[in-house]
Amino acid sequence: MILNQADIITNSSHAAHGDEAVIEIANLSKSFGDQEVLKDVSLKLFKGENLVVLGKSGSGKSVLIKCIVRLLNSDSGTINVFDKEIMSLNRDELSEVRKKIGFLFQSGALYDSMTVKQNLEFHLKRIKRELSKSEIEEKIAEVLKNVGLPDSMNRMPSELSGGMKKRISLARTIVVDPEIMLYDEPTTGLDPVTSDEISLLINEVQEKYKTSSIIITHDIAVARTNANRIVMLLDGKIYLEGNLEMFENSTDPNIKSFFK
Amino acid sequence: MKKFTPVIKVKGYATQQSKKLSENTLKKTQIASIFFAEVASVFIFIGVLIKETFSRDFEFKEFFRQCFQIGYKSLPLISVTGAIMGLVLTIQTRPVLVDFGAVSLLPGMVSLSLIREIGPVITALICAGKVGSGMGAELGSMKVTEQIEAMEVSSINPMRFLVVTRVLAATLMIPLLVLYADALGILGSWIGVNIKGDVSFTLFFSQAFSVVNFADFLPALVKSFFFGAVIGLVGCYNGYNAGRGTESVGVAANTAVVQASLLVIIIDLIAVQVTDMIL
């Protein structure tokens, strides 16, 4: 299902998101040595919404989503994902929660010794064990079609452009039907045209797979295209939370420097 | 309120010395804590490795792929090295044995040297360079490009998929490569003997193996398993715990080679002592 740009923007800005919080972060703090990266951060991600987390480099955005999936352990505070406190889960329980979360890495993180198909198969075979070989093939073909790269099955990651890598990485993430998507700087290092394509794809994923997403970015174009709600991080603290209009009309110099 | 005045005023020199002493103590404490943290990290790594080795869902396909990579892909290098080891050993030893009129002992001497010591150690050192550095660089680059995190975050156990398979494959393949190197070394020795003489293949081999018994083979084979395990473990540990920048990939590969080579030599020393005590 490929939607046109106007539909997607309209759909995303009117996306109905209920009151049910799928991620609930309270008083989260994280330091690396003497450097305090996150200071008492509290936020919620509601079901079906795209939450954009804006901030300058080094403001703690990536650390925030790495704490959500416990790639990093927080120092204090709580993170509830589907009402389960992430820090208190054992390895098996954490693994079950992680199966419901898709994480798109800034670098794409494609396995460079595997073809595109093997990259997708690798996750699918281990997470969706109940699928037969033909179902796996079907699912891979469908997902690759959805990200607009149906003919790239047998290509190696080294043969792909930056934008294609991001698309394949997104395909690898959504192939296992996650309920939550975490995007770490999805458009970094891409040209404006490809960045727009990726932003539209994020909305397509939200529409088609009914995901709730946190999008980490410093790219205002992404915020404009994808955000149902925006949170701005400044020096590890939440500086402002609101909708796009609120940010666009703000006279605060810290926000204006982003929304020029 | 009465003001406190110190009875003895500490002079500038003493203050400086005490500051220096406390700085040195702090520095040494930091070095010691880094060392103990590293040792603890190695033991935790080994513990997790053992636990994951005996867990369900063993990655057989990746294990066989690693066996192919470590075993089959090392064959050309081991073939050349093995044959040259035997050839050189023969060429170097022959003149001395001729002087003593003991040239007939040459096949036995070469086969014993190769099977007991030179074959396992040289093969292990070559594998430490080829396999250990390969593992360090591969896992290190996977770490830098967030591929290991991508596995972890998708509920795929990277330790089980990447480390267990590689360590087990190295443990299994390196003893086989040692046996192969021994065989080619003896073949190389036969070629060496025939450069200046004329000895038939069957005669040479019957002489070579007449002095070798089970007690020569077994310790060499057992220590080869340890060499394999150490090479795999050190390569994977350094790659898996590589830093963040691209420089750390090189550091991981380099450290893997240096540590694995050193450990091979140390294990060899221990194995020789233990064998000497038992047999």
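Protein sequence lines, in the order shown, are assigned to chains B and D.
Using this note's numbering, the first residue of the first sequence is number 14, and each one after it goes up by one.
Using this note's numbering, the first residue of the second sequence is number 2, and each one after it goes up by one.
Even for Gly, the Cβ is constructed at its ideal location relative to N, Cα and C.
* **Residue environment, Asn17/B, which counts as buried when at least 16 other CB atoms sit within 10 Å** => Any answer about Asn17/B is weak, because its pLDDT of 39 lies below 50 and its placement is not dependable; what the coordinates show is given next. Exposed is the call here.
* Asked: With burial defined as no fewer than 16 other Cβ atoms inside 10 Å of the residue's Cβ, what is the status of Gly71/B: buried or exposed?
  -> exposed
* To do: Just grab the DSSP bridge partners of Gly120/D for me.
  => Answer is none; Gly120/D lacks a bridge partner.
* Pick helix, strand or coil for Phe59/B, following the three-state DSSP scheme. => strand
* Locate the alpha helix (DSSP H) running through Met174/D, then write down its first and last residues. => 166-197
* **Other residues of its chain near Ile78/B: CB distance less than 7 Å, five sequence neighbours each side excluded** => Leu195, Asp197, Ile227, Ile229
* Compare the C-beta of Ser108/B with all C-beta atoms of chain D and state if any pair is closer than 8 Å. => yes
* To do: Would you check if there are 3 or more beta carbon pairs closer than 8 Å linking the stretch 133-145 of chain D to the stretch 192-208 of chain D?
  => no
* Do the stretch 173-184 of chain B and the stretch 101-112 of chain B touch if we need at least three Cβ pairs shorter than 8 Å? -> no
* To do: Report yes if the C-beta distance between Leu115/D and Ile32/D is below 8 Å; otherwise report no.
  => no
* **Span of the beta strand (DSSP E) around Glu254/B** => 250-255
* Around the Cβ of Lys74/B, are there at least 16 other Cβ atoms within 10 angstroms (buried) or fewer (exposed)? -> buried
* Asked: Going straight from the alpha carbon of Ile38/B to that of Thr91/B, what length do you get?
  -> 6 Å
* **Local Cβ density within 10 Å of Met278/D, reported as buried at 16 or more and exposed below that** => exposed
* Would you kindly report the start and end of the unbroken alpha helix (DSSP H) that includes Ile35/D? => 13-54
* Asked: How long is the line joining the alpha carbons of Ile149/B and Glu155/B, rounded to whole angstroms?
  -> 10 Å
* Are three or more beta carbon pairs between the stretch 251-260 of chain D and the stretch 125-139 of chain D nearer than 8 Å? -> yes
* Asked: With 8 Å set as the bound, which would you pick, yes or no: does the beta-carbon of Glu39/D sit closer than that to a beta-carbon of chain B?
  -> no
* Going by the beta-carbon positions, is the gap between Asn167/B and Thr128/B smaller than 8 Å? -> yes
* To do: Whole angstroms is fine: what's the gap from Ala41/D's alpha carbon to Phe215/D's?
  => 39 Å
* To do: Under the assumption that Val231/D contacts Val265/D (Cβ atoms under 8 Å), give the Cβ distance between them as a whole number of angstroms.
  => 7 Å
* To do: Quick one: which residues of the stretch 134-157 of chain D get their C-beta closer than 7 Å to a C-beta of chain B? List them in chain order.
  => Thr146, Glu147, Gln148, Glu150, Ala151, Glu153, Val154, Ser155, Ser156, Ile157
* Minimum C-alpha distance to Val49/D - residue among Cys68/D, Ala182/D, Phe69/D, Val168/D -> Val168/D
* Asked: Under 8 Å between C-beta atoms, does Ala122/B make it to chain D?
  -> yes
* Have a look at Pro159/D, Phe202/D, Glu118/D, Ile149/D and flag the residue whose alpha-carbon is nearest the alpha-carbon of Asp1/D. => Any answer about residue 1/D is impossible in this case: the structure gives chain D only from 2 up to 280.
* Under three-state DSSP, which class holds Arg104/B? -> helix
* Nearest-angstrom Cβ-Cβ length linking Gly193/D and Ile92/D, presumed shorter than 8 Å -> 5 Å
* **Test: Val50/B CB closer than 8 Å to a CB of chain D** => no
* Asked: When the Cα atoms are used, what is the spatial distance from Arg185/B to Ile140/B?
  -> 12 Å
* Residue closest to Asp125/B, alpha-carbon to alpha-carbon, out of Val66/B, Asp209/B, Met169/B, Glu217/B -> Met169/B
* Can you tell me which of the three DSSP states Met127/B falls into? => coil
* Asked: If Phe272/B sits next to Ile233/B, beta carbons under 8 Å apart, how far is it from one beta carbon to the other, in whole angstroms?
  -> 6 Å
* To do: Check whether the Cβ of Ile233/B lies closer than 7 Å to any heavy atom of the ligand SAM, and answer yes or no.
  => This structure lacks the ligand SAM, and indeed carries no ligand of any kind.
* To do: Output, in sequence order along the chain, the residues in the stretch 225-250 of chain B whose CB is closer than 7 Å to any CB in chain D.
  => none
* Asked: If we cut at 8 Å on Cβ distances, does Phe116/B have a partner in chain D?
  -> yes
* Measure from the alpha carbon of Val235/B to the alpha carbon of each residue in Ser270/B, Phe116/B, Asp53/B, Val66/B, then state which is nearest. => Val66/B
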